[in-house]
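**Q**
Number of protein chains: 2
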Amino acid sequence: MGLMVQKFGGTSVRDADRIRNVANIITETYKNNNDVIVVVSAQGDTTDDLLSKAAEINDNPSKRELDMLLATGEQITISLLAMAIEKMGFPVVSMTGWQAGFLTDRTHTNARIRRIDTERLKSEVEKRKIVIVAGFQGINRNDDITTLGRGGSDTSAVAIAAALNADVCQIYTDVDGVYTADPRLVKNAKKLGEITFNEMLELSSLGAQVLSNRSVEMAKKYNIKLEVLSSLKQVPGTLVKEVAKMEKMLIKGITKDNDCVRITVKDVNNVPGIAFKIFSTLGAKKVNVDIIVQTAARDNKMDMSFTVTHSVVETALAALDELLPTLGIEAHITRDDNLSKVSIVGAGMQSHAGVAAKMFEALGESGINIQTISTSEIKISVLIDQKDADRAVTALHAAFIE
Amino acid sequence: MGLMVQKFGGTSVRDADRIRNVANIITETYKNNNDVIVVVSAQGDTTDDLLSKAAEINDNPSKRELDMLLATGEQITISLLAMAIEKMGFPVVSMTGWQAGFLTDRTHTNARIRRIDTERLKSEVEKRKIVIVAGFQGINRNDDITTLGRGGSDTSAVAIAAALNADVCQIYTDVDGVYTADPRLVKNAKKLGEITFNEMLELSSLGAQVLSNRSVEMAKKYNIKLEVLSSLKQVPGTLVKEVAKMEKMLIKGITKDNDCVRITVKDVNNVPGIAFKIFSTLGAKKVNVDIIVQTAARDNKMDMSFTVTHSVVETALAALDELLPTLGIEAHITRDDNLSKVSIVGAGMQSHAGVAAKMFEALGESGINIQTISTSEIKISVLIDQKDADRAVTALHAAFIE
Chain A
1 MGLMVQKFGG TSVRDADRIR NVANIITETY KNNNDVIVVV SAQGDTTDDL
51 LSKAAEINDN PSKRELDMLL ATGEQITISL LAMAIEKMGF PVVSMTGWQA
101 GFLTDRTHTN ARIRRIDTER LKSEVEKRKI VIVAGFQGIN RNDDITTLGR
151 GGSDTSAVAI AAALNADVCQ IYTDVDGVYT ADPRLVKNAK KLGEITFNEM
201 LELSSLGAQV LSNRSVEMAK KYNIKLEVLS SLKQVPGTLV KEVAKMEKML
251 IKGITKDNDC VRITVKDVNN VPGIAFKIFS TLGAKKVNVD IIVQTAARDN
301 KMDMSFTVTH SVVETALAAL DELLPTLGIE AHITRDDNLS KVSIVGAGMQ
351 SHAGVAAKMF EALGESGINI QTISTSEIKI SVLIDQKDAD RAVTALHAAF
401 IE
Chain F
403 MGLMVQKFGG TSVRDADRIR NVANIITETY KNNNDVIVVV SAQGDTTDDL
453 LSKAAEINDN PSKRELDMLL ATGEQITISL LAMAIEKMGF PVVSMTGWQA
503 GFLTDRTHTN ARIRRIDTER LKSEVEKRKI VIVAGFQGIN RNDDITTLGR
553 GGSDTSAVAI AAALNADVCQ IYTDVDGVYT ADPRLVKNAK KLGEITFNEM
603 LELSSLGAQV LSNRSVEMAK KYNIKLEVLS SLKQVPGTLV KEVAKMEKML
653 IKGITKDNDC VRITVKDVNN VPGIAFKIFS TLGAKKVNVD IIVQTAARDN
703 KMDMSFTVTH SVVETALAAL DELLPTLGIE AHITRDDNLS KVSIVGAGMQ
753 SHAGVAAKMF EALGESGINI QTISTSEIKI SVLIDQKDAD RAVTALHAAF
803 IE
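Shown next, in the form of structure tokens:
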């Protein structure tokens, strides 16, 4: 009845039994008169196994050779899955990234898709074959194999859906949808039936376990309906699309992120352009800054705080140490490692007065001290002590969702 | 000082240590001002591991998907070997079969090379890069991955040597050359310094452990010097070329082959065309026939014997059962399974009287009964009881070589 793109991650194809299970899902879809293109990742631990083989030989191999090595992982999956479907008597053909026409830029291990030459994909689909494509990989203009980096198979699937104007892109995974909070943390977490692209992006700290941000951004750009669902349980998943059905729930999810370090530059002279200089220097060093807060100036001095992930905190501090003297600033720099960012996410919260107040109230009643507040159109985030984070998520979930 | 093609088989690259060892051989060759193109097989048991993964899912997968699966084996080796060479600080690039330009026919799992588009190979060599090519694989006109079948990596290496007019094609393996007899069987077996292509082909039952016949045939056709040598011992190997240096030895080797079943059709009416009908029928069933012997007719009846390998004996018998009645022949068919073919091989033996006599004498003195004799320009083969075969090889080696 349409063209379906289905993506299955590494755990969904980790052994022969799981591959047979996936083959069942695919052939059921095919039998319902759909054309089916499937995108798969490397099986279970294959990528890690390959990486440790490489590490035994070279602790710093070139990214080109890493891509050459890693791309074998998905190639093994596509052939095995095709064999499983053959065994069931359905017409099927597997394709590597380059065979499926994935052309990328020259960045190895983290390439961007430039375009998909869909000629062969289309011709196989027109022959009513089930097409199994190796996710995560492509080739560059030099005919070298490239890989797309983290979440690459999701991106491959969305890119095919966009290029062929698929009716829906189904992302099968080991959870059965997007929840209002991490179900391992909040017992009453609810599965969302629908959610908008923007909400999904803001829910990234939940969604990272489910969907890569890059794939959501691409789906948003090309307006591809995404569906997140389980490869093991036959239950409805979560639909991610431009405009979600209005549900009673205003707040779509509560998220927690422990990967944030707050850096504070204290007693900065409040002269024009100081913020620009600090953040452009950090940007040049590829330091992504999340929440920025600047206190009001007092005696023409102010404090400026921002958060970064743990992986870049040393880079950020070194850049500041170098920069500040050149600005004639004698500032004290402090860092806080034991923070957590807790957020409530939901489109339209801006137009509903009192959401922020209700949030602060819920946290206050639980005796949780808020250290920093940051708001956006569809999100309110607070920085709190990491030890309070799980209690905060539970309290906010109770206040807004249950 | 020239272009060297070096091929390393699965055992030579089976783990990180062996890969480092191979990287040493390659970089030593490169440091001596040679351009180097390397062809490698899949590591150790990789191919078997992949085949058992497939068997778990489908006991009869399509050959196309098998090729897709198996081709990952060499792709893993090329990247790991390239990483080992990078680690040593040499410029290197790995290439899959299709990147190296291997275009084959459409026969999956046993494809023939049609041509090599050498453009990229040449351009990387001109940049003074060590080039590591995945053996055994190519693509067909449909851009589907194909594999070359048994001994395929040898064939890949010889094909590159031929296409780029290499000075020598070195086949590194786990034995250090071609011997006059199987060294595990005959203690005094000697390594040959040189041997001709034709002798190498006749020595196939020795050579099969060392060089695939297809690669020797191709080397002969394009007159590519082959060198068989060990990846573990630094000793001179065996050179295979058009005209070998005349060595004192007339007989180059003694071979034994237990994979032969003799089929005898007894009491056949000796009418013209009968042999043609039998062997064309067997040929149509892809039964390769080795030694053919026909007795002189008596009372216009004769016996016809031929040998086949165990794998096709049932096919051959079924074909005869079907054919003979249509010819109005009431023949008795017998089979002998416990035979061995023992041969002496050496160019020029035809012009030396007495070689055959000496052979039969040596066997007679050992009390070994000869059941069938077959001679060619550079080989004399006898069929004997399998239980006598090892003694026969030892006796012939003593008579002709020691």
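Protein chains in written order, with our numbering: chain A, 1 to 402; chain F, 403 to 804.
Glycine included, C-beta positions come from ideal geometry on N, C-alpha and C.
Computed from a predicted model, the values in this text were never measured in an experiment.
With DSSP as the reference, label Arg-20 of chain A as helix, strand or coil.
**A** Counting from one through the first sequence, the residue named residue 20 of chain A turns up at place 20. Arg-20 of chain A: helix per DSSP, three-state reduction.
**Q** Taking buried to mean at least 16 other C-beta atoms within 10 Å of its own C-beta, is Arg-18 of chain A buried or exposed?
**A** For the purposes of this step, residue 18 of chain A is taken as the residue at position 18 of the first sequence. Around the beta carbon of Arg-18 of chain A, 16 or more other beta carbons lie within 10 angstroms, which makes this residue buried.
**Q** Could you tell me the distance, in whole angstroms, from the CA atom of Ala-347 of chain A to the CA atom of Val-175 of chain A?
**A** Residue numbering aside, residue 347 of chain A sits at position 347 when the first sequence is read from its first letter. Residue numbering aside, residue 175 of chain A sits at position 175 when the first sequence is read from its first letter. Each residue's Cα considered, the two are about 24 Å apart.
**Q** Once you ignore the five residues that flank Gly-549 of chain F on each side, which residues in its own chain have a CB closer than 7 Å to its CB?
**A** Working through the second sequence from its first residue, we reach residue 549 of chain F at position 147. For the sequence presented, residue 549 of chain F should be read as Thr rather than Gly. Contacts found: Asp-469, Leu-472, Ala-473, Thr-511, Ala-513, Phe-538 and Gln-539.
**Q** If contact means a Cβ-Cβ distance below 9 Å, which residues of the segment 453-467 of chain F contact chain A?
**A** Lys-455, Ala-456, Glu-458, Ile-459, Asn-460, Asp-461, Asn-462, Pro-463, Ser-464, Arg-466 and Glu-467
**Q** Does the contact criterion of 3 or more C-beta pairs under 8 Å hold for the segment 301-309 of chain A versus the segment 264-271 of chain A?
**A** yes
**Q** Buried or exposed, going by whether 16 or more other CB atoms sit within 10 Å of the CB of Glu-467 of chain F?
**A** Locating residue 467 of chain F in the second sequence gives position 65, where the first residue counts as 1. Classification of Glu-467 of chain F: buried, given that the 10 Å Cβ count is 16 or more.
**Q** Using DSSP with H/G/I as helix, E/B as strand and the rest coil, what is Ile-439 of chain F?
**A** Sequence index remark: in the second sequence, residue 439 of chain F carries index 37 (1-based). Of the three classes helix, strand and coil, the one that applies to Ile-439 of chain F here is strand, per DSSP.
**Q** For the segment 245-332 of chain A, list the beta strand (DSSP E) runs that are entirely contained and at least 3 residues long, ordered along the chain.
**A** 253-257, 261-269, 292-294 and 301-308
**Q** List the DSSP bridge partners of Leu-115 of chain A.
**A** Position 115 of the first sequence, counted from the first residue, corresponds to residue 115 of chain A. The question names Leu, but residue 115 of chain A is Arg in the sequence shown. Bridge partners of Arg-115 of chain A: A:Leu-103.
**Q** Would you be able to state if there are at least three C-beta pairs under 8 Å between the segment 220-239 of chain A and the segment 166-186 of chain A?
**A** yes
**Q** Quick one: residues in its chain with C-beta nearer than 8 Å to the C-beta of Gln-696 of chain F, no 5 flanking neighbours on either side, listed in chain order?
**A** Locating residue 696 of chain F in the second sequence gives position 294, counting from the first residue. Excluding residues within five positions, the ones whose Cβ falls inside 8 Å are Ala-677, Met-704, Asp-705, Met-706 and Ser-707.
**Q** Which stretch, first to last residue, makes up the alpha helix (DSSP H) that contains Thr-511 of chain F?
**A** Walking along the second sequence from the start, residue 511 of chain F turns up at place 109. Element bounds for Thr-511 of chain F: n/a, residue is neither H nor E.
**Q** Find out if the Cβ-Cβ distance for the pair Arg-150 of chain A, Pro-91 of chain A is shorter than 8 Å.
**A** Locating residue 150 of chain A in the first sequence gives position 150, where the first residue counts as 1. Locating residue 91 of chain A in the first sequence gives position 91, where the first residue counts as 1. No.
**Q** So Tyr-574 of chain F is in the beta strand (DSSP E); what residue range does that whole segment cover?
**A** Walking along the second sequence from the start, residue 574 of chain F turns up at place 172. DSSP places Tyr-574 of chain F inside the beta strand (DSSP E), whose first and last residues are 570-575.
**Q** Report the rounded CA-to-CA distance for Leu-317 of chain A versus Ser-376 of chain A, giving the unit in angstroms.
**A** On the first sequence, residue 317 of chain A is found 317 positions in, with the first residue counted as 1. On the first sequence, residue 376 of chain A is found 376 positions in, with the first residue counted as 1. Taking the straight line joining both Cα atoms gives about 26 Å.
**Q** So is Ser-558 of chain F buried or exposed if we call it buried at 16+ other beta carbons inside 10 Å?
**A** If you number the second sequence from 1, residue 558 of chain F lands on position 156. Under this definition Ser-558 of chain F is a buried residue.
**Q** Would you say Gln-137 of chain A reaches chain F, if we count a Cβ-Cβ gap shorter than 8 Å as a contact?
**A** Taking the first sequence and counting its residues from 1, one reaches residue 137 of chain A at position 137. By this cut-off, Gln-137 of chain A is not an interface position.
**Q** I need the DSSP call for Gly-152 of chain A, collapsed to helix, strand or coil.
**A** Indexing the first sequence from 1 puts residue 152 of chain A at position 152. If DSSP states are grouped into helix, strand and coil, Gly-152 of chain A belongs with the helices.
**Q** Please name the residue in F:Leu-741, F:Ala-686 and F:Phe-504 whose C-alpha comes closest to that of Thr-717 of chain F.
**A** In the second sequence, counting from the first residue as 1, residue 717 of chain F sits at position 315. Comparing Cα positions, the closest option is F:Ala-686.
**Q** Are Lys-241 of chain A and Thr-196 of chain A touching if we call contact CB-CB under 8 Å?
**A** One-based indexing of the first sequence puts residue 241 of chain A at position 241. One-based indexing of the first sequence puts residue 196 of chain A at position 196. Yes, they are a contact pair.
**Q** I want to verify the contact list: residues of chain A whose CB lies under 9 Å from the CB of Ile-532 of chain F, in sequence order.
**A** Position 130 of the second sequence, counting from 1, holds the residue named residue 532 of chain F. The contacting residues do not exist; Ile-532 of chain F stays about 12 Å from chain A at best.
**Q** Use the C-beta contact count for Met-1 of chain A: other C-beta atoms within 10 angstroms, 16 or more gives buried, fewer gives exposed.
**A** In the first sequence, the residue the question calls residue 1 of chain A occupies position 1. So Met-1 of chain A counts as exposed.
**Q** Reducing DSSP to helix, strand and coil, say where Met-490 of chain F ends up.
**A** By 1-based counting over the second sequence, the position of residue 490 of chain F is 88. Met-490 of chain F: coil per DSSP, three-state reduction.
**Q** Flag Leu-232 of chain A as yes if its beta-carbon sits less than 8 Å from any beta-carbon of chain F, otherwise no.
**A** Within the first sequence, numbered from 1, the residue matching residue 232 of chain A stands at position 232. No, Leu-232 of chain A does not count as interfacial toward chain F.
**Q** Can you give me the C-alpha to C-alpha distance between Asn-198 of chain A and Leu-523 of chain F, rounded to a whole angstrom?
**A** The residue given as residue 198 of chain A occupies position 198 in the first sequence. The residue given as residue 523 of chain F occupies position 121 in the second sequence. Whole-angstrom Cα-Cα distance: 48 Å.
**Q** Tell me which residues share the same chain as Met-88 of chain A and place their Cβ nearer than 7 Å to its Cβ, disregarding the 5 neighbours each side in the sequence.
**A** In the first sequence, residue 88 of chain A corresponds to position 88, counting from 1. Within the same chain, Met-88 of chain A has close Cβ partners Ala-23 and Thr-27.
**Q** Assign Ala-189 of chain A to one of three DSSP states: helix, strand, or coil.
**A** As a working mapping, residue 189 of chain A is identified with position 189 in the first sequence. Three-state result, Ala-189 of chain A: coil.
**Q** Would you identify the three-state DSSP class for Ser-366 of chain A, choosing helix, strand or coil?
**A** The residue given as residue 366 of chain A occupies position 366 in the first sequence. It is coil, neither helix nor strand.
**Q** Give, in chain order, every residue of the segment 652-665 of chain F whose Cβ lies closer than 7 Å to some Cβ of chain A.
**A** For chain A, none of the residues of the segment 652-665 of chain F brings a beta carbon within less than 7 Å of one of its beta carbons.
**Q** Could you give the DSSP three-state label for Phe-599 of chain F: helix, strand or coil?
**A** Here residue 599 of chain F corresponds to residue number 197 of the second sequence, with the count starting at 1. Note: Phe-599 of chain F maps to helix in three-state DSSP.
**Q** Kindly indicate if chain A contains any beta-carbon less than 8 Å away from that of Glu-488 of chain F.
**A** Position 86 of the second sequence, counted from the first residue, corresponds to residue 488 of chain F. True, the Cβ-Cβ gap to chain A drops below 8 Å.
**Q** Answer yes if the segment 555-570 of chain F comes into contact with the segment 427-446 of chain F, meaning at least three C-beta pairs across the two stretches below 8 Å, and no otherwise.
**A** Yes: the two stretches touch, three or more of their Cβ pairs being nearer than 8 Å.
**Q** Start and end of the alpha helix (DSSP H) containing Thr-448 of chain F?
**A** As a position in the second sequence, residue 448 of chain F is number 46, starting the count at 1. Unbroken alpha helix (DSSP H) run through Thr-448 of chain F: 448-459.
**Q** Can you tell me which of A:Gln-43, A:Ala-84, A:Val-158 and A:Asn-34 puts its alpha carbon nearest to the alpha carbon of Asn-21 of chain A?
**A** Here residue 21 of chain A is taken as the residue at index 21 of the first sequence, counted from 1. Looking at the Cα atoms, A:Ala-84 is the closest of the given residues.
**Q** Quick check on Phe-410 of chain F: does DSSP put it in helix, strand or coil?
**A** What you label residue 410 of chain F is simply residue 8 of the second sequence in a count that begins at 1. It is a strand residue.
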